[in-house]
Amino acid sequence: MFSLRSLRRAACVTGLGAALVLVAQAQAQPAAPALTEPARTLQASDAASPVPALPYRSVFADLPRGVEEGSGDWKAANKAVSQFPRGHIDLLQWEKARAAKPKEQP
């Protein structure tokens, strides 16, 4: 177990360490703000001062367009998919039936 004395000592050491870190950070800050030109500061604070226009560039400009060159007939695609109403199991049965048929030899 910790005694009250050892807990106080640990609290003092921890507090002292935190204080030293804060002092070191405070000393790293500049003593005074950097001097600026008053005319430019006044111009920047004026809402009517001219601002160059920002060029617009869409974030979607460089996206890949896909593998297909053009778009197909969506009605035909829906009709082709609808022949398998139960999904994957119907597709497996269709493949099994195609594999069972003998191929014609030329």
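Going by my numbering, the letters in the sequence shown line up with residues 29 to 134, in that order. Just so you know, even glycine gets a beta-carbon here, dropped at the ideal spot from N, CA and C.
Going by beta carbons, Trp122 and Phe112 fall inside the 8 angstroms limit. In the DSSP assignment, Leu70 falls within the unbroken alpha helix (DSSP H) covering 66 to 73. DSSP places Asp101 in the coil class of the three-state scheme, outside both helix and strand.
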